[in-house]
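Chemist: Residue numbers (this note's numbering): 1129 to 1331. Note that CB positions come from ideal geometry on N, CA and C, so glycine has one too. The structure follows.
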């Protein structure tokens, strides 16, 4: 199974140096309009066995626009243009498109690229310190979502990691690097036109 997180998807920082994880996240939402980063992603099953390992780059422009590009081991592009979500599997030459709508608010992507209304969709609490990071725990209020919990770890004003647990016991870990807050991003990065001969599926 190829990687997909809606992230979609997925990123960063902005918090007082001594703040806890919740304060760090709220500062990030208030202060970060755009961002770029590289990421490494692993997926393990309920027994801790590695199922997937991938890497790529991402960018977002709040609210609701993001570009999540897997580069290794498979190429896959996920674009949220503010109204639609496009998923392009390059190996299969297949595009899946669906309405973004409220799905963004109920997904982990809302913690990065959503609006300021985080408390509407998540119950937030500080989760202590581990591995040198200050963590928060975010539990979705909507129990019908893919993920049952999301954790975010901050260090020195930078979001370094996210841990997402799904209803099947799998854990997805994202580690970020080369983070650039309020980066210059062009509107074209959040637009997607299916390749001419691609198979397009409307979900």
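List the DSSP bridge partners of residue 1220.
Modeler: None, per the DSSP bridge assignment.
Chemist: Roughly how many angstroms separate the alpha carbons of residue 1190 and residue 1220, rounded to a whole number?
Modeler: Going by the C-alpha atoms only, they are around 30 Å apart.
Chemist: Using the Cβ count rule (16 or more neighbours within 10 Å means buried), how would you classify residue 1296?
Modeler: Counting Cβ neighbours within 10 Å, residue 1296 comes out exposed, since fewer than 16 surround it.
Chemist: If residue 1261 sits next to residue 1289, beta carbons under 8 Å apart, how far is it from one beta carbon to the other, in whole angstroms?
Modeler: Yes, they are in contact, since the Cβ atoms of residue 1261 and residue 1289 sit about 7 Å apart, within 8 Å.
Chemist: By Cβ distance, which residues of its chain are closer than 7 Å to residue 1317, with the 5 residues on each side in sequence left out?
Modeler: Cβ within range, chain order: 1187, 1195.
Chemist: Assign residue 1193 to buried or exposed, taking buried as 16 or more other Cβ atoms, counted over all protein chains shown, within 10 Å of its Cβ.
Modeler: Per the 10 Å Cβ criterion, buried.
Chemist: Whole angstroms is fine: what's the gap from residue 1254's alpha carbon to residue 1164's?
Modeler: Approximately 25 Å, taken between the alpha carbons.
Chemist: For residue 1166 versus residue 1185, is the C-beta spacing smaller than 8 Å?
Modeler: Yes, the Cβ-Cβ distance between residue 1166 and residue 1185 is below 8 Å.
Chemist: Where residue 1310 and residue 1156 are concerned, what is the direct C-alpha to C-alpha distance, given to the nearest angstrom?
Modeler: If I take the Cα positions, the gap works out to 11 Å.
Chemist: If you run the structure through DSSP and keep just helix, strand and coil, what is residue 1161?
Modeler: Three-state result, residue 1161: coil.
Chemist: Between which two residues does the alpha helix (DSSP H) harbouring residue 1248 extend?
Modeler: Looking at the DSSP string, the run of the alpha helix (DSSP H) that includes residue 1248 is 1246 to 1249.
Chemist: Would the beta-carbon of residue 1343 fall within 8 Å of that of residue 1252?
Modeler: Coverage of the chain is limited to positions 1129 through 1331, which leaves residue 1343 absent and any answer about it impossible.
Chemist: Give the secondary structure of residue 1240 by DSSP, where H, G and I count as helix, E and B as strand, and everything else as coil.
Modeler: Looking at residue 1240 - three-state DSSP - the assignment turns out to be helix.
Chemist: Hey, is residue 1267's beta-carbon within less than 8 Å of any beta-carbon in chain C?
Modeler: Absence of chain C from the displayed structure is noted, only one protein chain being present.
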